[in-house]
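A short worksheet on the structure shown next.
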Amino acid sequence: MTFEIRNYRQSDYEKLFEICLKTGDSGKDASHIYKNPKLLGSFYAAPYAIFHPDLTFILALNDEAIGYIIGTSNSQKFYEVTEEKYFPDLRNEYPLPDENDSSADARIIRLIHNGHKPKIEFQNYPAHLHIDILPAGQGKGFGKKLIDTFINKLKELNVPALHLEVGKKNTNAIAFYEKYGFHRIVEFEYSIGFGITINN
-13 MTFEIRNYRQ
-3 SDYEKLFEIC
7 LKTGDSGKDA
17 SHIYKNPKLL
27 GSFYAAPYAI
37 FHPDLTFILA
47 LNDEAIGYII
57 GTSNSQKFYE
67 VTEEKYFPDL
77 RNEYPLPDEN
87 DSSADARIIR
97 LIHNGHKPKI
107 EFQNYPAHLH
117 IDILPAGQGK
127 GFGKKLIDTF
137 INKLKELNVP
147 ALHLEVGKKN
157 TNAIAFYEKY
167 GFHRIVEFEY
177 SIGFGITINN
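Under this note's numbering, the first residue of the sequence shown carries the number -13, and numbering increases by one thereafter.
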């Protein structure tokens, strides 16, 4: 078995949806939660690969994607470009659900209609990231290596700091980010915001 961290390729695109879904339940497989298997990735993965392929890095096993780190160097600009060029078509494809619809699919569709609006709490941390790794690549130190790779790219771009959000139920991820050196910025109802400064 050969593991490697490599640059994103267009041929990895469909795998992003699969990885996002199979890690979408606080790091566990969310396939049983969503009726539409592409919804989760449509919000949390695809736009990053489309608009920031330079910040999309793949963990591959025998050259097949089993994990990724994705993100943006500027959350405000990412919001603006996705509002103009990505979400309008997706919103046409997925109309807002009935307000009484409490399904997981409906929750993601509402996020799609809300877009990637930057939160004021993260204004001093302009970059953000998402990282997901399938079980085959977990527990081997690749999470740290993916973040190292991402941060090194941000250093090249002179980005001062980055943030991320973790669901409060995802205790493994919380412990991982704290061990890496992220600090808590804010607590929301269901998630915790972490940040880290980048020494350029």
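The C-beta atom is built at its ideal place from N, Cα and C for all residues, glycine as well.
By DSSP's criteria, residue i is part of a beta bridge. Which residues make up the other side?
i        : result
GLY167   : None, per the DSSP bridge assignment.
PHE(-11) : LEU47
My output table needs one value for residue i: the three-state DSSP class, helix, strand or coil.
i      : result
LEU3   : According to the sequence shown, residue 3 is Phe rather than Leu. If DSSP states are grouped into helix, strand and coil, PHE3 belongs with the helices.
ILE178 : strand
Give every residue of the same chain whose Cβ lies closer than 6 Å to the Cβ of residue i, excluding the five residues on either side of it in the sequence, and list them in chain order.
i      : result
PRO104 : SER61, GLN62 and TYR65
GLU123 : A quick correction: the sequence has Gly, not Glu, at residue 123. Once the five neighbours on either side are set aside, the close Cβ partners of GLY123 are LEU45, ILE52 and GLY53.
Report yes if the C-beta distance between residue i and residue j is below 8 Å; otherwise report no.
i        : j      : result
PHE29    : LEU82  : no
ILE5     : PHE43  : no
TYR72    : PRO33  : yes
PHE(-11) : LEU47  : yes
PHE108   : VAL67  : no
LYS8     : LEU120 : yes
GLY53    : LEU41  : no
SER17    : ASN156 : no
ASP84    : LYS21  : no
ALA31    : LEU76  : no
TYR166   : LYS130 : yes
TYR(-6)  : ALA35  : yes
SER59    : LEU143 : yes
GLY101   : GLU50  : no
ILE117   : ILE94  : no
Kindly list the residues whose CB is nearer than 7 Å to the CB of residue i, restricted to its own chain and excluding five residues on each side of it in sequence; keep chain order.
i      : result
LYS154 : TYR176, SER177 and ILE178
ASN86  : none
VAL152 : ALA159, ILE160, TYR163, SER177, ILE178 and PHE180
PHE136 : LEU41, PHE43, ILE55, GLY57 and LEU115
THR183 : PRO146 and ALA147
Between residue i and the rest of its own chain, which residues show a CB-CB distance below 8 Å, the 5 nearest in sequence each way excluded?
i      : result
HIS169 : PHE180, GLY181 and ILE182
Give, in chain order, every unbroken run of the alpha helix (DSSP H) that is at least 4 residues long and sits entirely within the segment 6 to 92. 25 to 30, 32 to 37, 61 to 71 and 73 to 79
Run through the segment 104 to 161 for me and flag every whole alpha helix (DSSP H) of 4 or more residues, listed as ranges in chain order. 128 to 142
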